[in-house]
Structure formats: C-alpha cells, structure tokens
Amino acid sequence: PQASPTERPMRHFTPPQGWMNDPNGLVYHDGEYHLFYQYHPNSLVWGPMHWGHAVSRDLCHWQHLPVALTPDDDGMCFSGSAVVDRHDASGLFNGGEGLVAFYTAHRFMGDDEEHYEQEQHLAWSRDNGRSWHKYAGNPIIAPPGFCDFRDPKVIYHAPSGRWVMVLACGQHIRFYTSANLLDWQLASEFGDGQGCHTDGPWECPDLFELPLEGDQAEASRWILVVGVGIDHEGPQDTLGSFTQYFIGHFDGERFHNDYPDEPLLLMDQGRDFYAVQSFSDVPDRRLAIAWLNNWQYAGHTPEAGWRGAMTLPRTLHLVATDQGVRLHQRFADELDHGISPLDVACPGAPLTQGQHVLATPNADLVRGELTLVLTANSQLDFSLQQGTQQRLRLSTGDDTTEVVYRREGHSGVARFDQHFPGERLAGELDGRRIHLQWWVDRGSVEMLINGERRQLSVTLASFVAPHRHSITMEVHSGSAEIHDFRLDAG
Ligand code: FRU
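Per UniProt numbering, the sequence shown runs over residues 6 to 495.
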C-alpha cells in the first residue's frame, strides 16, 4: 500500500504533535544545535504559543526535548532567539556560562484579537537548555506604546563589545544595545525612506555580517533579514508571507542600506520559506533554518496529528553578481550523510523536442543535481514528482534564462486551499548554463537554481504521495545538454 502523503519527512524537522510555526532560539552550544519553535502542542491550529525544543548533533536527526517555555499570565511566548552567555555578562550564571533566550510576551487585551500588547522577555538555562527559568526582572523591554513590537534577535557585536537586539515594529526595525543582556537602550530605527517597499507587518528580523566571497580584500557586508507577513486589511497578494533582505553596513547602532534604490530582494522565490533565523554561536559559517510554510494556507495544510515542517538547514553566502551583491544559499554539508548514490545515466546526446524521463527513483528522500546547457531561444519543463506536480519552466533568450515555477494542487490531498497551487516567475538567471540542485522529501521540494553568478532559491511544500517520483525533462523548443547528473537517496 502506498504511504500517506502526510507521513513524516525523513530529513525535515516536524513537531512531535500539534501545530508548529517559526524556528526560534537557534543556537549552537557544546556540540548541539538547538532548535526551539513556535508550538501549540495540543492543537492543529495556531493558539497560545509555547516554545517547543529539539537538539541535533548532525543536522539530520533531531531529538525532541520537553517544551522549553509555556504561556502564563504575562502572555504567550512568541518568537525570539538565543545566545550563549560565555563570560556571564548577565550575571545569571555565577561566573560560568549559560544559554539566554529572548522572546516576546504577547497578551491580548480583552477578548478582541485586534488589541494586544507585546514586550520583550528573557529566560535562562544553566543545563544546556534542558530546563529554563523565566527571568524575575521581566519585561526587559516594556511595551513601547504601539502594539507590534516583537521577535527579538540578539547578536554580539564584537567591535563595540555590546549586544544588539533587533526587533520588528510594524513596518520598522528597532535596534537596541546592551552590555549585560538585561538592560537595553534604543539605538536606532530602520524603515520608511530607506529602501523599504513592502506592505504587511514586518516580523522575525535577523542581522549578521558575511564576507564577500572571492573578494581578495575580504570585504564584508551586513545583512538585515525581515519577514513580511500577510496584511489582512490590504489586498491579498498571491505570494502570502515572504522573506526580504537588505544589504548594507551596521556600526553597532545603526543599519545603513547600501542599495536603497534596489528592487525588493527576496531570500527565496518559492512560497514556503518564512521566519528564517540564523544560528547564534556557530563558529565557522552562517547557518539558517526557515519555517517551510506560508501564513496564507498554513492552517489548512494536510496534517497527521502534527502540522508544519522546517526547511533543511542551509548556509548563507554573499556573492558579487552582475546585478550587485546578493545573498546565496547552499544546503548544509551534513545533509549528505547517510545518503547513497543511485544508479542514473546521464543522457549522452542533447535532449531535443519531446518528453524525456531522466529517472524514476523509488525513494522518499532524494537529493539531486545536474547541469543544463541550453541553446538560445529554447524552452523546457523540468519536473520533479509525478510529472507535473512541481515544474520549473526554463526559457532562454540569447544569454539569460527565465525561471517560472508551477505547483499543482488540483487533486487529492493538495486540494486544500485555493492559494496553494499556482505559477510564478522566480526570476531571470545570467547565462544558459544552469546548475540545479534539489532535495525532495515527504512534504516538500527545495531547489537551488544557479546561473553563471546569480541564484534563485525555490522552496515549496508539496503534499504528494511518496514513492511517486519521476524526474522528467520536456523540451518544447531548442535543446538541452545534461551534465553531471547525480541522484542520491536516503
Ligand atoms: C511570524 C509570527 C511572529 C510571531 C509568531 C507568533 O510567523 O507572526 O511575528 O512572533 O509568528 O506565533
């Protein structure tokens, strides 16, 4: 019998039961990656938020731990972050070290969902995150007089020797600084007139510095990441919630957008990449995980006693492209552990008009990779899963390739929300030599699509029955050479 399409993914994190949204408190400590998450354990829809908790040593297997934070009279425990307080800056650890988490306490005022208050709280752990104590001096930042004030991301800013907290405030970001993680001062704001083009509430900010790859001078930039939620009063855009980023400089107090006139920069062009957060305290790379979902339909996706998944962990990189500096992603190397090559044949001759089945892997977890060299003015559909379920249409000009993705959802279990299926322009790549890399797991397809220097990232939830997996290339015009075709299964 065929496995259910809501069977648990093999390499993507899912909650033990109930509802999950944003990743929270991502921190690496003592050989463990901690993943906390927005959690409503006894329900399949959003509600009073807890912080669920899991740890992993290899980013492939996650061990569930008891709930870390539960709602109380101060409110629900909304999204936030965590850091290692290595030198006891907070004084909470008797001169030793410990974990400090920051979250937003959210209180509804009366029984009207429109009226609420948000303030910043702290919790600490002396035992590797196994038990948590809410700080007696909460709130560490009181409500500012406006209601949307949430999702603290705390980082250590070495040049100024201070901690910085980034907060989403409606359609602004606020930066606070602190010497001891407990007392915070407002340093600056970022928003209107600084290159921000989006409607919808800003949520889940992140801030980090990355070296510019391949730059001899070792130049670096700061990246400010902002989730843009759904504006329930505004026109319902077909994209739903998405993740935007800004590139610039940060001096410890103020973020300066280097490209205020740039168009909107998206971290992922797909539909299911939201509330991304990077890990704190990972020494050698910027590692991030996002919620593999979209607020537009998150409450309706197929469930099996649990609902929601995280993306695979990816590393973030800054690359100079012909369009300017851009944020690129790679799947974390650890993900390759425990998968083994499948026997596949790379077509020797260029594929011409017609339908070509490249492989039919009989596995629920598949990692794939290939390079396509397209002739000018060609068009083809590259499909993963059941022929048409997930399709990329590549159309070349003389020296660019346009990428459109399409997700079906008219049949079976995928027919749960009118916003789920659809077609969208991902973007245009430079050149006609395209390197595709993807992971198919139960419940999702994640694709990184590279041109010569540009990259598109397309993350899509996909609720098709496992095992029904065929990789096809349908050439409509022109032709395509395929190189370095490789599949691995887990
Ligand atoms: C983003 C978000 C956050 C908030 C959390 C509540 O998905 O709306 O802004 O803290 O979810 O669960």
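Just so it is clear, CB atoms sit at the ideal spot from N, CA and C, and this is done for glycine as well. Computed from a predicted model, the values in this text were never measured in an experiment.
Please identify the residue among the options whose C-alpha is closest to the C-alpha of residue i.
i                 : options                           : result
serine 48         : Val378, Pro318, Trp311 and Arg438 : Trp311
proline 174       : Trp189, Ala192, Ile160 and Cys152 : The sequence shown places cysteine at residue 174, rather than the proline named in the question. That would be Cys152, whose Cα lies nearest to the Cα of cysteine 174.
arginine 319      : Ala381, Gly232 and Ser462         : Ser462
serine 482        : Met54, Thr182, Asp386 and Gly495  : Asp386
threonine 477     : Gln394, Gly353, Ser130 and Phe251 : Gln394
residue 1         : Gly427, Tyr33, Thr182 and Phe213  : Outside the displayed span of the chain (6 to 495) sits residue 1, for which this structure offers no information.
asparagine 143    : Arg459, Leu465 and Phe107         : Phe107
arginine 412      : Gly402, Thr406 and His424         : His424
leucine 70        : Asn133, Trp189, Ser467 and Asp78  : Asn133
leucine 492       : Asn367, His261 and Pro149         : Asn367
glycine 52        : Val169, Phe154 and Glu118         : Glu118
leucine 74        : Val32, Ser95, Gln384 and Ser136   : Ser136
tyrosine 38       : His45, Gln68 and Pro14            : Gln68
phenylalanine 154 : Val169, Trp168, Arg167 and Thr109 : Thr109
glutamate 407     : Ile439, Phe421, Thr376 and His55  : Ile439
histidine 111     : Ser95, His138, His55 and Gly80    : Gly80
alanine 485       : Leu465, Gly402 and Ser383         : Ser383
serine 130        : Met114, Asp93, Asp369 and Leu172  : Asp93
glycine 495       : Gln176, Leu244, His361 and Pro346 : Pro346
glutamate 374     : Gly359, Ala350, Phe41 and Tyr140  : Ala350
How long is the line joining the alpha carbons of residue i and residue j, rounded to whole angstroms?
i                : j                 : result
glutamine 241    : arginine 429      : Annotation note: pLDDT 49 at glutamine 241 (below 50); position unreliable, no value reported.
residue 497      : isoleucine 454    : Since the first residue shown for the chain is 6 and the last is 495, residue 497 is missing from the structure and cannot be characterised.
glycine 392      : glutamate 479     : In this prediction, glycine 392 has a pLDDT of 46, which is less than 50 and means its spatial position is unreliable; what the coordinates show is noted afterwards. Cα to Cα, the separation comes out at about 10 Å.
proline 210      : serine 475        : 38 Å
glycine 234      : glutamine 249     : 11 Å
glutamate 194    : aspartate 156     : 15 Å
phenylalanine 83 : arginine 437      : 45 Å
histidine 126    : leucine 191       : 16 Å
arginine 290     : valine 60         : 19 Å
isoleucine 178   : aspartate 204     : 14 Å
aspartate 90     : aspartate 188     : 15 Å
arginine 458     : glutamate 124     : 42 Å
aspartate 35     : aspartate 286     : 10 Å
tryptophan 444   : proline 149       : 43 Å
valine 231       : asparagine 262    : 13 Å
histidine 488    : threonine 306     : 36 Å
aspartate 348    : methionine 170    : 49 Å
glutamate 214    : isoleucine 145    : 26 Å
leucine 434      : threonine 405     : 6 Å
glutamine 199    : leucine 270       : 14 Å
histidine 58     : tyrosine 44       : 9 Å
asparagine 185   : phenylalanine 284 : 20 Å
threonine 380    : glutamine 390     : 25 Å
alanine 466      : glycine 96        : 44 Å
arginine 167     : serine 86         : 16 Å
glycine 402      : glutamine 460     : 17 Å
alanine 364      : tryptophan 207    : 42 Å
threonine 464    : asparagine 99     : 44 Å
leucine 217      : phenylalanine 490 : 29 Å
residue 503      : aspartate 446     : Nothing can be reported for residue 503, as the shown portion of the chain is limited to 6 through 495.
histidine 55     : aspartate 220     : 43 Å
aspartate 116    : leucine 441       : 50 Å
residue 518      : tyrosine 410      : Absent from the model: residue 518. The displayed extent of the chain is 6 to 495, so no value can be given.
alanine 354      : valine 378        : 12 Å
Based on the DSSP output, what are the partners of residue i in its beta bridges?
i              : result
leucine 172    : Arg179
threonine 326  : Gly329
threonine 406  : Thr401 and Leu434
asparagine 455 : His440 and Gln460
threonine 477  : Val362 and Ser388
residue 556    : Given that the chain is displayed from residue 6 to residue 495, the structure contains no residue 556 and the question cannot be resolved.
tryptophan 311 : Gly23
valine 159     : Met170
histidine 55   : Tyr44
proline 265    : Answer is none; proline 265 lacks a bridge partner.
threonine 376  : His440 and His488
Counting pairs of Cβ atoms below 8 Å between the region 61 to 78 and the region 339 to 359, do you hit three or more? yes
Inter-stretch contact at 8 Å, needing at least 3 Cβ pairs: the region 306 to 326 / the region 10 to 25: yes
Just checking, does the region 277 to 286 make contact with the region 254 to 265 on the three C-beta pairs under 8 Å criterion? Pairwise C-beta distances place the region 277 to 286 out of contact with the region 254 to 265, as fewer than three of them are shorter than 8 Å.
When you compare the region 102 to 113 with the region 287 to 303, are there three or more beta-carbon pairs, one atom per stretch, that lie closer than 8 Å? Between the region 102 to 113 and the region 287 to 303, the count of C-beta pairs closer than 8 Å stays below three; the two stretches do not touch.
Counting Cβ pairs closer than 8 Å, one from the region 23 to 43 and one from the region 323 to 332, do we hit at least three? With the cut-off at 8 Å, the region 23 to 43 and the region 323 to 332 do not touch.
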